[in-house]
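Enquirer:
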Amino acid sequence: MKGNFPIDKWNGVQTPFYFYDMALLKKTLEAIKKETEQYGFCQHYAIKANANPRILQEIASYGFGADCVSGGEVQAALDAGFPADKIVFAGVGKADWEINLALKADIFCFNVESIPELHIINELAAAQNKTARVEFRVNPNVDAHTHAKITTGLSENKFGINLSQIAGVLKEAQSLANIEVVGLHFHIGSQITDMSAFKDLCIKANELQSDLEAQGFTFANMNFGGGLGIDYHHPNHINIPDFANYFAVFNQLVERREGQALHFELGRAVVGQCGSLISRVLYVKEGEVKKFAILDAGFTELIRPAMYDAYHRIENLSSNLAEQTYDVVGPICESSDVFGKDVPLNEVRRGDLIALRSAGAYGEVMSSMYNLRQLPKAYFSDSIE
Ligand SMILES: *Cc1c(COP(=O)(O)O)cnc(C)c1O
Numbered sequence: 018m019k020g021n022f023p024i025d026k027w028n029g030v031q032t033p034f035y036f037y038d039m040a041l042l043k044k045t046l047e048a049i050k051k052e053t054e055q056y057g058f059c060q061h062y063a064i065k066a067n068a069n070p071r072i073l074q075e076i077a078s079y080g081f082g083a084d085c086v087s088g089g090e091v092q093a094a095l096d097a098g099f100p101a102d103k104i105v106f107a108g109v110g111k112a113d114w115e116i117n118l119a120l121k122a123d124i125f126c127f128n129v130e131s132i133p134e135l136h137i138i139n140e141l142a143a144a145q146n147k148t149a150r151v152e153f154r155v156n157p158n159v160d161a162h163t164h165a166k167i168t169t170g171l172s173e174n175k176f177g178i179n180l181s182q183i184a185g186v187l188k189e190a191q192s193l194a195n196i197e198v199v200g201l202h203f204h205i206g207s208q209i210t211d212m213s214a215f216k217d218l219c220i221k222a223n224e225l226q227s228d229l230e231a232q233g234f235t236f237a238n239m240n241f242g243g244g245l246g247i248d249y250h251h252p253n254h255i256n257i258p259d260f261a262n263y264f265a266v267f268n269q270l271v272e273r274r275e276g277q278a279l280h281f282e283l284g285r286a287v288v289g290q291c292g293s294l295i296s297r298v299l300y301v302k303e304g305e306v307k308k309f310a311i312l313d314a315g316f317t318e319l320i321r322p323a324m325y326d327a328y329h330r331i332e333n334l335s336s337n338l339a340e341q342t343y344d345v346v347g348p349i350c351e352s353s354d355v356f357g358k359d360v361p362l363n364e365v366r367r368g369d370l371i372a373l374r375s376a377g378a379y380g381e382v383m384s385s386m387y388n389l390r391q392l393p394k395a396y397f398s399d400s401i402e
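Residues in the sequence shown are numbered consecutively from 18, following my numbering.
1) Which of the three DSSP states is assigned to histidine 250 in this structure?
2) By alpha-carbon positions, which one of Glu152, Pro361 and Glu275 ends up nearest to isoleucine 183?
3) Please report the distance separating the alpha-carbon of valine 109 from that of isoleucine 178.
4) Which ranges does the alpha helix (DSSP H) cover as unbroken runs of at least 4 residues, wholly within the stretch 270 to 347, from first to last along the chain?
5) Candidates Val355, Met324 and Cys85: which alpha carbon is nearest proline 100's?
6) Excluding the 5 residues preceding and the 5 following phenylalanine 416 in the sequence, name in chain order all residues of the same chain whose CB lies nearer than 7 angstroms to its CB.
7) Using a threshold of 8 angstroms, state whether the C-beta atoms of glycine 292 and glycine 377 are closer than that.
8) Taking 8 angstroms as the threshold (C-beta atoms), are histidine 164 and tyrosine 325 in contact?
9) Count the other CB atoms, across all protein chains shown, that sit within 10 Å of the CB of glutamine 269; report buried if there are 16 or more and exposed otherwise.
10) With respect to 7 angstroms, is the separation between the Cβ of arginine 321 and the closest non-hydrogen atom of ligand 1 below this value?
11) Check whether the stretch 275 to 291 touches the stretch 317 to 333, taking contact to mean three or more Cβ pairs, one atom from each stretch, closer than 8 angstroms.
12) Closest by CA to serine 400, which one among Arg71, Val298 and Ala231?
13) Given a cut-off of 8 angstroms on the beta-carbon distance, is the pair alanine 339 and glutamate 305 in contact?
14) Would you kindly work out how many angstroms separate the C-alpha atoms of lysine 44 and leucine 370, rounded to a whole number?
15) Comparing C-alpha positions only, which one of Gly82, Lys111 and Ala93 sits nearest to lysine 103?
16) To the nearest angstrom, how far is it from the Cα of proline 252 to the Cα of arginine 330?
17) When every heavy atom of ligand 1 is checked, does at least one fall within less than 7 angstroms of the C-beta of glycine 284?
18) For alanine 63 and leucine 187, what's the separation of their Cα atoms in angstroms?
19) Quick check: what's the CA-CA separation for glycine 233 versus serine 353?
20) From Glu303, Asp211, Lys50 and Ser87, pick the residue whose C-alpha is nearest to that of alanine 68; which is it?
21) Which residues in the same chain as proline 322 place their Cβ atom closer than 6 angstroms to its Cβ, once the five residues preceding and following it in sequence are excluded?
22) Let me know the secondary structure DSSP gives cysteine 350 once reduced to three states.
23) Does ligand 1 have a heavy atom nearer than 7 angstroms to the CB of glutamine 208?
24) Closer than 6 angstroms by C-beta to asparagine 223: which residues in its own chain qualify, once you throw out the five before and the five after it? Chain order, please.
25) Would isoleucine 138 and leucine 334 qualify as a contact pair, given that the criterion is a beta-carbon distance under 8 angstroms?
26) Which residue or residues does DSSP assign as beta-bridge partners of methionine 239?
27) Tell me which same chain residues have a C-beta within less than 6 angstroms of the C-beta of valine 345, skipping the five on either side of it?
28) Please classify histidine 61 as buried or exposed, where buried requires at least 16 other C-beta atoms within 10 Å of its C-beta.
29) Using the Cβ count rule (16 or more neighbours within 10 Å means buried), how would you classify tryptophan 27?
30) With which residues is aspartate 84 paired in a DSSP beta bridge?
31) In or out: threonine 342 buried (at least 16 other Cβ within 10 Å) or exposed?
32) Comparing the CB of alanine 63 with every heavy atom of ligand 1, is any distance shorter than 7 angstroms?
33) Is it the case that the CB of leucine 248 approaches a heavy atom of ligand 1 more closely than 7 angstroms?
34) Fully enclosed by the stretch 93 to 146, which beta strand (DSSP E) runs are 3 residues long or longer?
35) How far does the alpha helix (DSSP H) with lysine 175 in it reach, from first residue to last?
36) Buried or exposed, going by whether 16 or more other CB atoms sit within 10 Å of the CB of methionine 239?
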């Protein structure tokens, strides 16, 4: 089974480009809204997964907040209509101008990752005559059981403050006049499909919270980050992640205090399935042992296979001929510019349209101009081009 694409509209449209199924995005957003509302949870969409303005506006229109990791993202969130008081700002290396921009906008909070950063935020807030709300990002030493390059919650990772140091950091924060601590923050990794990692996180968070309460610290907010994975193998059958199951884990396991708000920062699970990279076949090359389908898209448009060994389902939209096996590659002058090896595809000819599925997250937003290529355009299922 293949996805349903308006390929007859694409004669003469320059490839490669991104195509977004806006009906699927809306269905996904409705599913998240339903599950978060029943528990009173707050979802902040992780802008870094896809910062296309049209996508951001759609997500903002559902009333969600935004999770940003740069000043550019804070600005993009504001521009798209996310309310400042629902914007959180994380990252191990926030520059002064980025902190100033966020202070000026009065964002909900900074997710702080070190003591030196805390001091700079305090200084910059004082200079603006403001109080900065902060959550501390805790490194809970939980293994997300995902790819090493997208694991963030182990002690060896650069992210967050280690469990043994968090009480000291909270004490330090109390001594700073322009800092108000509003919560704790966790984010253990991405593309997590095994709920046991999230269960471990809940248990660690409970222990930490009890421990810190015994020392006199309380928290209005607990933020559990994002990380819920999508099914890259079945974009046509399982195109909406199991949000019910995900949020139920936190509802059941987190020992939520009276009046305490639980926050989440899903990115990939929100936008991953609604986007596809559409490309044309330039050449079919018969090697000695392999047949190559050479596309006009490369890792400049979709870097996930090269960077994370990621799998994307590949479909030939133009052919119903018998399947053959191809290595599907791009034109970039790097051996890593391979989308898939031994991929079964309906027999491929020059000019065929090829869809790389589940590319809505960490796709368009990571594209680059390496080899002086042009950045890809984006088209949307609900607008006539
Ligand atoms: C990347 C990131 C997220 C989103 O992760 P997904 O796996 O896309 O859900 C959430 N919070 C923080 C702090 C992040 O860095």
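By construction, the Cβ of each residue, glycine as well, lies at the ideal position given by its N, Cα and C atoms.
Expert: Taking the structure as given:
1) Histidine 250 falls in the coil class under three-state DSSP.
2) Closest option to isoleucine 183, Cα to Cα, is Glu152.
3) Cα to Cα, the separation comes out at about 10 angstroms.
4) Fully enclosed alpha helix (DSSP H) runs of 4 or longer: 285 to 288 and 321 to 325.
5) When only C-alpha atoms are compared, the closest one is Cys85.
6) This structure leaves residue 416 out entirely; the chain is present only between 18 and 402.
7) Yes.
8) With a cutoff of 8 angstroms on beta-carbon distance, tyrosine 325 and histidine 164 are scored as near each other.
9) Exposed is the call here.
10) Not under cutoff, so the answer is no.
11) Note that the stretch 275 to 291 does not touch the stretch 317 to 333; fewer than 3 beta-carbon pairs, one per stretch, sit closer than 8 angstroms.
12) When only C-alpha atoms are compared, the closest one is Arg71.
13) Not in contact: alanine 339 and glutamate 305 (Cβ atoms no closer than 8 angstroms).
14) Just so you know, the alpha carbons of lysine 44 and leucine 370 end up roughly 26 angstroms apart.
15) The residue with the shortest Cα to Cα distance from lysine 103 is Gly82.
16) Near 8 angstroms, if we compare the C-alpha coordinates of arginine 330 and proline 252.
17) Checking the Cβ of glycine 284 against ligand 1 gives yes.
18) Each residue's Cα considered, the two are about 26 angstroms apart.
19) Whole-angstrom Cα-Cα distance: 52 angstroms.
20) Nearest C-alpha to alanine 68: Ser87.
21) Hits under 6 angstroms: Phe356.
22) The answer is coil: DSSP assigns cysteine 350 none of H, G, I, E or B.
23) Flag set: Cβ of glutamine 208 near ligand 1.
24) Closer than 6 angstroms at Cβ, skipping near neighbours: Glu272.
25) No, Cβ-Cβ distance for isoleucine 138 and leucine 334 is not below 8 angstroms.
26) Per DSSP, Leu201 and Leu279.
27) These residues qualify, in order along the chain: Ala310, Ile331, Phe356, Gly357 and Val360.
28) So histidine 61 ends up on the buried side.
29) Classification for tryptophan 27: buried.
30) Aspartate 84 pairs with Ala63 and Val105.
31) Classification for threonine 342: exposed.
32) Alanine 63 Cβ: within cutoff of ligand 1.
33) A small correction: the amino acid at residue 248 is aspartate; leucine does not occupy that position in the sequence shown. Within the chosen limit of 7 angstroms, ligand 1 does not reach the beta carbon of aspartate 248 with any heavy atom.
34) Fully contained in the stretch 93 to 146 are the following beta strand (DSSP E) runs of length 3 or more, in chain order: 104 to 106 and 126 to 129.
35) Per DSSP, lysine 175 belongs to no alpha helix (DSSP H) and is neither H nor E.
36) Buried, by the Cβ-count rule.
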